[in-house]
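Here our numbering is used: the first residue of the sequence shown is 104, the next is one more, and so on. We treat Cβ as the ideally placed atom computed from N, Cα and C, and that holds for glycine. Here the structure is a predicted model, which is why all the values come from computation and not from measurement.
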Amino acid sequence: MACPLARDARGYESQFATNHLGHFQLTVRLLPALRRSGGARVVSVSSLGHRYSQVVFDDPNFEHRAYDPWTAHGQSKTANILFAVALDARTRAEGINALSLHPGGIVETGLGKYVSQEQLRRAGVIDEHGKPIIDPARQLKTVEQGAATIVWCASNPRLDGSGGVYCEDCDVAPIMLEDPGATTMADVRRLHGVRPYATDPEAAQRLWSLSERLLAPHER
């Protein structure tokens with residue numbers, strides 16, 4: 104999350120490669136087994152960070168634009184949501200549903216190791232002693248609280264046949280129809296819901312095609 108610019112062995116930007124392409128590649132390879140299961144769910148862990156950026160299809164790997172750690176993170180998290188939308192559309196008739204979610208901001212996982220203590224304090228996620236602030240109303244959760252939405256998405260019968268949705272706080276999240284104008288970590292944490300660009304079916308199909316194209320030269 105929000106790491107300095109790095110590229111994998113294929114030359115792909117590390118956040119897009121790690122957070123999206125790796126999961127895409129694994130899931131596609133697992134599809135035969137998922138189809139044989141007679142009913143399966145694929146749960147894609149995104150985050151509220153998707154609000155930082157759409158997927159920039161013309162330059163997903165920051166080859167022609169300046170790199171920004173949070174923009175790259177946001178792009179990869181939007182990709183997680185679009186992937187679930189595209190996968191569900193392709194496999195729903197075969198009994199496979201795909202969903203995405205925001206688990207919450209969970210400092211104890213070490214995900215924010217590239218974010219300074221001062222940034223985390225300004226965002227209101229740690230206190231003056233560097234201890235995590237737990238406030239579920241602001242999406243600041245313990246590991247167990249964060250895991251709850253993941254488990255809920257994977258197991259709740261209410262979601263049968265409801266693939267493609269984005270969830271928060273053990274519920275289906277609303278679509279944010281207006282641009283909230285959030286520019287900081289603190290701004291983003293006050294928001295709930297999913298941006299329309301992250302659930303757009305055309306963008307989801309475009310991401311699927313892009314992912315196949317990026318991975319094709321490296322498949323064996």
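Measuring straight from C-alpha to C-alpha, what distance separates residue i and residue j?
i, j, result
"Ala105", "Gly152", "10 Å"
"Trp173", "Ala182", "14 Å"
"Arg240", "Glu271", "As written in the sequence, residue 240 is Ala, which differs from the Arg given in the question. One C-alpha to the other measures close to 11 Å."
"Ser258", "Pro107", "36 Å"
"Ala250", "Tyr170", "31 Å"
"Ile237", "Arg298", "25 Å"
"His321", "Asp111", "12 Å"
"Pro163", "Trp311", "13 Å"
"Val148", "Asp191", "15 Å"
"Cys273", "Glu247", "13 Å"
"Ile278", "Pro304", "14 Å"
"Leu313", "Gln220", "36 Å"
"Arg113", "Thr302", "28 Å"
"Arg168", "Gly233", "34 Å"
"Ala120", "Lys244", "26 Å"
"Ser82", "Gly227", "What the structure shows of the chain is the stretch from 104 to 323, and residue 82 is not part of that stretch, so it cannot be assessed."
"Cys256", "Gly142", "14 Å"
"Gly125", "Arg225", "32 Å"
With a 10 Å radius around its C-beta and 16 neighbouring C-beta atoms as the bar for buried, classify residue i as buried or exposed.
i, result
"Leu317", "buried"
"Leu129", "exposed"
"Asp230", "exposed"
"Arg261", "exposed"
"Val254", "exposed"
"Leu280", "exposed"
"Ser140", "exposed"
"Ala109", "exposed"
On a CA-only basis, which of the options is nearest residue i? Give me that one, please.
i, options, result
"Val146", "Ser156, Tyr155, Pro304, Phe127", "Phe127"
"Asp263", "Glu221, Arg144, Ala109", "Arg144"
"Gln118", "Lys180, Glu166, Val246", "Lys180"
"Glu315", "Val268, Tyr269, His123, Pro304", "His123"
"Glu116", "Val228, Gly227, Phe165", "Phe165"
"Glu197", "Leu134, Asp111, Trp311", "Leu134"
"Ile184", "Leu202, Tyr170, Glu247", "Leu202"
"Thr194", "Val246, Ala136, Arg168, Glu221", "Ala136"
"Ser150", "Gln220, Glu305, Ala120, Thr252", "Thr252"
Quick check: residue i and residue j, are their CB atoms within less than 8 Å of each other?
i, j, result
"Arg138", "Ile199", "yes"
"Gly267", "Gln242", "no"
"Tyr269", "Leu204", "yes"
"Pro235", "Val218", "no"
"Tyr300", "Gln178", "no"
"Ala307", "Ala189", "yes"
"Ala276", "Gly296", "yes"
"Phe186", "Arg309", "no"
"Leu223", "Gly215", "yes"
Strictly under 8 Å for the Cβ-Cβ distance: is residue i near chain D by that measure?
i, result
"His126", "This model lacks chain D altogether, as it is built from one protein chain only."
Complete alpha helix (DSSP H) runs within the segment 218 to 293 (minimum length 4 residues, chain order)
220 to 225, 246 to 258, 288 to 292
Segments assigned beta strand (DSSP E), at least 3 residues, entirely inside the segment 131 to 164:
143 to 148
Which runs of the beta strand (DSSP E) spanning at least 3 residues fall entirely within the segment 184 to 214, listed in chain order?
199 to 205
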